[in-house]
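These notes are about the structure you will find just below.
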Amino acid sequence: MRVSGSMFPEGTTASDISIDRIGKHQYNEDGILTVVDGRGNRYQMAARGMDDKDTVRIDPGSAEFSPSERVALLQIIRGDDIGREYEVKPGNNIIGRQKGCHIQIANKSISRRHAQIIFKPDESPDSRYIIYDLQSTNGTRVNNELADRRTLNNGDRVQFGSVVCKFMEIDSLEKNYLTELKKLIDYDKQTSLLQIKPFYQRLSEALSDAQTSGRPVSVLMMDLDGLKQINDAHGHLAGTEVIVRIARLINEELSPFGVTAIYGGDEFVGCLPNTTRKEAVRKAEHLRQLVSEFRFPGKKIREQVTISIGVAESPTDGTDMMLLVSNADKALYAAKGKGRNCVVAYDPSMSHSSKEQE
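The UniProt record's numbering numbers the first residue of the sequence shown as 1 and each following residue consecutively.
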């Protein structure tokens, strides 16, 4: 395919123009042609039906032609949160595990201030992105080579400690695609709550921040009461509807304070950063009351559904992530043992039995 006509921005000549391939073709299935000029600016226009023999004339100010925003990303391809993206913004980007870093990756193999990427948008591609190691303990590697200072190019693999990222420079269309794909991976389709793996990553980050700030983090373990009776009386489809509706209620109540996830079946888990045990119990009690008062639309489900909630707080009840979740779980079992439909905070004297109560 050939390109002719005056180019923009000013000063760009025809020899500076190349066609950026999307997929296997010069234009994608929607008939959108992407053109890259010599300065790295990308433009998109309708090009449906064109083939390699066609000539595309590009004129400044064409109504069909618009700039396509470029975004630089680091995407984790090996580590605790595969697929997560971090945007590299113009200027200085500090990468590390401590709170306050522009790109915070909560992994023990990464130093508190591990590396930095300097992004100069007006520079030529060979000096636009420069990465520096900040005397990290485990080093910074680019394409498997130790790098104290290195230019980054599209597609490079960058390793911080044991975490491997792919460096990408993509347009806004591709960025939106990756964002939506990540949502499909991270969130439960039925309840719209986080899946448990990305939840653990968020909890890990919250605990890492808490170690620096000295602020508490509370975990809520929640289990619906009476779901078995609904399944027996109305079938599992009705039971699923109950789970979905209560999940939405939980998300509405807790999302302003933290994140919630589907833990399995009719169990949920919440992470509330900067929340003391007392505050968490108060929020949990308010949620418990809302669930007990909830009535399902229509006349099909008349049974009352309630919720039992266990609360644990870091650092009082543990700073290790899995220990904190386990202690919240023990508090939940204690709530079940007290007759359900109540909130119980963890106490070291609680039974270590993990047998679930109905």
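Each residue gets a CB set at the ideal place from its N, CA and C atoms; glycine is no exception.
Only a predicted model underlies this, so the values are computations on that prediction, with no experimental measurement involved.
State the Cα-Cα distance for the pair Val269 and Ala261, rounded to the nearest angstrom. Distance between the alpha carbons of Val269 and Ala261 is about 5 Å.
Look at Val88 and Ile103 and say whether their C-beta atoms are less than 9 Å apart. Going by beta carbons, Val88 and Ile103 fall inside the 9 Å limit.
Output the boundary residues of the beta strand (DSSP E) element that contains Val119. First, the amino acid is wrong: residue 119 is Phe here, not Val. Segment Ala115 to Phe119, the beta strand (DSSP E) holding Phe119.
Quick one: Cα of Glu267 to Cα of Arg128, how far? Each residue's Cα considered, the two are about 48 Å apart.
C-beta atoms of Met221 and Ala345 nearer than 9 Å: No, these two residues do not count as a Cβ contact at 9 Å.
Rank Phe296, Gln229 and Glu285 by C-alpha distance to the C-alpha of Ile246 and give the top, closest one. Comparing Cα positions, the closest option is Phe296.
In its own chain, which residues sit with a C-beta less than 7 Å from the C-beta of residue 359, not counting the 5 before and 5 after it? As displayed, the chain neither begins before 1 nor continues past 358, which places residue 359 out of reach and without an answer.
Taking the straight line between their C-alpha atoms, what separation do you get for Leu272 and Lys166? So the two alpha carbons sit approximately 31 Å from each other.
Which full runs of the alpha helix (DSSP H) of 4+ residues lie inside the region 182 to 257, going along the chain? Taking only runs of at least 4 residues, the alpha helix (DSSP H) segments lying wholly in the region 182 to 257 are 196 to 213, 227 to 234 and 236 to 254.
Report the rounded CA-to-CA distance for Leu207 versus Thr319, giving the unit in angstroms. Answer to the nearest angstrom: the Cα atoms are 7 Å apart.
Stretch pair the region 157 to 171 + the region 218 to 234: three plus CB contacts closer than 8 Å: They do not touch, by the three-pair rule.
Look at the alpha carbon of Leu227 and the alpha carbon of Pro348, and state the distance between them as a whole number of angstroms. Computed Cα separation, rounded: 29 Å.
Determine the DSSP secondary structure at Glu293, reduced to helix, strand or coil. Helix.
Lys175, DSSP secondary structure in three states: Secondary structure of Lys175 (DSSP, three-state): helix.
What's the gap between the Cα of His25 and the Cα of Val71? The pLDDT assigned to His25 is 30, lower than 50, so where the model puts this residue is not dependable; a value taken from the coordinates is nonetheless given after this. In this structure, the alpha-carbon of His25 lies about 22 Å from that of Val71.
Taking C-alpha atoms, which residue in Pro121, Asp232, Ala210 and Gly265 lies nearest to Thr316? For the residues Pro121, Asp232, Ala210 and Gly265, the minimum Cα distance to Thr316 belongs to Ala210.
What is the DSSP secondary structure of Arg288, counted as helix, strand or coil? Of the three classes helix, strand and coil, the one that applies to Arg288 here is helix, per DSSP.
Please say whether Pro216 and Asn274 have beta carbons closer to each other than 9 Å? For the 9 Å CB-CB criterion, Asn274 and Pro216 form a contact.
For Gln159, the residue or residues it bridges with in DSSP: Bridge partners of Gln159: Arg141 and Val164.
Is it right to say Met322 is buried, meaning 16 or more other beta carbons lie within 10 angstroms of its own, or is it exposed? Exposed is the call here.
At which residues does the beta strand (DSSP E) containing Val71 begin and terminate? Unbroken beta strand (DSSP E) run through Val71: Arg70 to Arg78.
The alpha helix (DSSP H) enclosing Gly337, as first and last residue numbers: Counting along the chain, the alpha helix (DSSP H) containing Gly337 begins and ends at Met321 to Gly337.
Is Lys99 near Ser213, with beta carbons less than 9 Å apart? Contact: yes.
How would you write the range of the beta strand (DSSP E) that Pro273 sits in, first residue to last? Where Pro273 is concerned, the enclosing beta strand (DSSP E) stretches over Glu267 to Pro273.
Excluding the five sequence neighbours on either side, which residues of its own chain have a C-beta within less than 7 Å of the C-beta of Ala115, listed in chain order? Only Ile95, Ile131, Tyr132, Asp133, Leu134, Ser136, Thr140 and Phe160 meet the Cβ criterion.
For the pair the region 334 to 341 and the region 304 to 313, tell me if three or more CB-CB distances fall below 8 Å. Touching, per the Cβ criterion.
Candidates Ile118, Phe119, Leu73 and Leu203: closest to Gly155 by CA position: Closest option to Gly155, judged by alpha-carbon separation, among Ile118, Phe119, Leu73 and Leu203: Leu73.
Quick check on this structure: which residue in Lys182, Ala331 and Leu178 has the alpha carbon closest to the alpha carbon of Ala284? With distances taken between Cα atoms, Ala284 lies closest to Ala331.
By how many angstroms is the C-alpha of Gln75 removed from the C-alpha of Gly123? Before going on, a small fix: residue 123 reads as Glu here, not Gly. Going by the C-alpha atoms only, they are around 23 Å apart.
Taking a contact to mean a Cβ-Cβ separation below 9 Å, would you say Ala233 touches Glu313 in this structure? No; because the gap between Cβ atoms is not below 9 Å, this pair is not in contact.
Alpha-carbon spacing of Asn341 relative to Gly83, whole angstroms: Rounded to whole angstroms, Asn341 and Gly83 show a C-alpha spacing of 38 Å.
Nearest neighbour of Lys120, chosen from Asn144, Pro90, Lys175 and Arg112 [CA to CA]: Minimum Cα distance to Lys120 is reached at Pro90.
Considering only residues of the same chain and omitting the five flanking positions on each side of Arg97, which have a CB-CB separation below 8 Å? For Arg97, where only same-chain residues beyond five positions count, the Cβ hits under 8 Å are Gln104, Ile105, Ala106, Asn107, Lys108, Ile110, Ser111, Arg112, His114 and Ser208.
How would you label Ser18, buried or exposed, when you count the other beta carbons within 10 angstroms and need 16 or more for buried? A caution first: Ser18 carries a pLDDT of 42, below 50, which makes its placement in the model unreliable, though a value can still be read off. Classification of Ser18: exposed, given that the 10 Å Cβ count is below 16.
Cut-off 8 Å between Cβ atoms - residues of its own chain near Leu194, not counting five sequence neighbours on either side: Same-chain partners within the cutoff: Asp186, Tyr187, Asp188, Arg202, Val259, Thr260, Ala261 and Ile262.
Buried or exposed by the 16-neighbour rule on C-beta atoms within 10 Å, applied to Ser218: Flag for Ser218 reads buried.
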